[in-house]
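The structure under discussion appears below in the form of structure tokens.
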Amino acid sequence: MDVSDVTPELEQLELDLNTLQEVLQPLLSDVGDVSSKMPLLDKAKLYVLVCYAIESLIFSSLRLNGADAKSHPVFTELTRVRQYFEKIQKLESPPEERENTVNTEAVARFVRNDLADNKDIKNKLTELIAKEKAKAEAKAATAAAEKKRPAEDSTSEVRPEEAGNKIAKRPKRDGSKKKK
Numbered sequence: 001m002d003v004s005d006v007t008p009e010l011e012q013l014e015l016d017l018n019t020l021q022e023v024l025q026p027l028l029s030d031v032g033d034v035s036s037k038m039p040l041l042d043k044a045k046l047y048v049l050v051c052y053a054i055e056s057l058i059f060s061s062l063r064l065n066g067a068d069a070k071s072h073p074v075f076t077e078l079t080r081v082r083q084y085f086e087k088i089q090k091l092e093s094p095p096e097e098r099e100n101t102v103n104t105e106a107v108a109r110f111v112r113n114d115l116a117d118n119k120d121i122k123n124k125l126t127e128l129i130a131k132e133k134a135k136a137e138a139k140a141a142t143a144a145a146e147k148k149r150p151a152e153d154s155t156s157e158v159r160p161e162e163a164g165n166k167i168a169k170r171p172k173r174d175g176s177k178k179k180k
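Quick note on numbering: the sequence shown equals residues 1 to 180 in the UniProt record's numbering.
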């Protein structure tokens, strides 16, 4: 490649950088003013974005100058800033359902074992554990019974005379009408 072939691209790059600098000047000169008018999450996004832009420009400059940019500390900073992006995304879309639940039976066992010296508390906790077990068993039995009911309804017997009526009343599936 000739040097004369690269000259127009370099001039275009210089023009693009000047345009970029002009466009970003109002934002970068008064980042504090701009961010003070924003909500907290948007302010965090702005600061992370500005930081990422600066770090990526330094990374690109190192790569253009032939330095090993991946072993440079700038690369670790870029990774750190990306982690901030991920944290902000997690804040924007929190999990819909709670993942952890409290096992009250286990808690009662822990407390009962810790307070084994006090017989009154130990007896009350033993009763509580028995009630929780009974409640869980009743809930499981109810759920099993409800699952079983619809299956029983679908397997109920149909009298032969009723079956004939049901079949005769059904329309044909192919959409054609019965010929008389």
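Ideal placement from N, C-alpha and C gives every residue a C-beta, glycine not left out.
Contact under 8 Å by Cβ, residue i with residue j
i: F59; j: F75; result: yes
i: L78; j: S56; result: yes
Spatial neighbours of residue i in its chain, beta-carbon cut-off 6 Å, leaving aside the 5 residues before and after
i: T142; result: none
i: D5; result: none
i: Y52; result: V81
i: D153; result: In this predicted model, D153 has a pLDDT of only 47, less than 50, meaning its place in the structure is not dependable; the value taken from the coordinates is given anyway. Cβ within range, chain order: n/a, list empty.
i: R63; result: A69
Exposure of residue i, with buried meaning 16 or more beta-carbon neighbours within 10 Å
i: A108; result: buried
i: E97; result: exposed
Which listed residue (the options) has its alpha carbon closest to that of residue i
i: R82; options: D68, V48, A67; result: V48
Euclidean distance between Cα positions of residue i and residue j
i: L125; j: V111; result: 8 Å
i: L46; j: E132; result: 51 Å
i: L17; j: P8; result: 14 Å
i: A145; j: N103; result: 24 Å
i: Q21; j: P73; result: 25 Å
i: E11; j: L28; result: 24 Å
i: I67; j: A106; result: A quick correction: the sequence has Ala, not Ile, at residue 67. C-alpha separation (whole angstroms): 59 Å.
i: N123; j: K147; result: 36 Å
i: L13; j: T19; result: 10 Å
i: G32; j: I54; result: 16 Å
Cβ shell of residue i (< 8 Å), same chain only, five flanking positions each side left out
i: I88; result: L41, A44, K45, V48
Same chain, Cβ closer than 7 Å to residue i, neighbours up to 5 away in sequence not counted
i: P95; result: none
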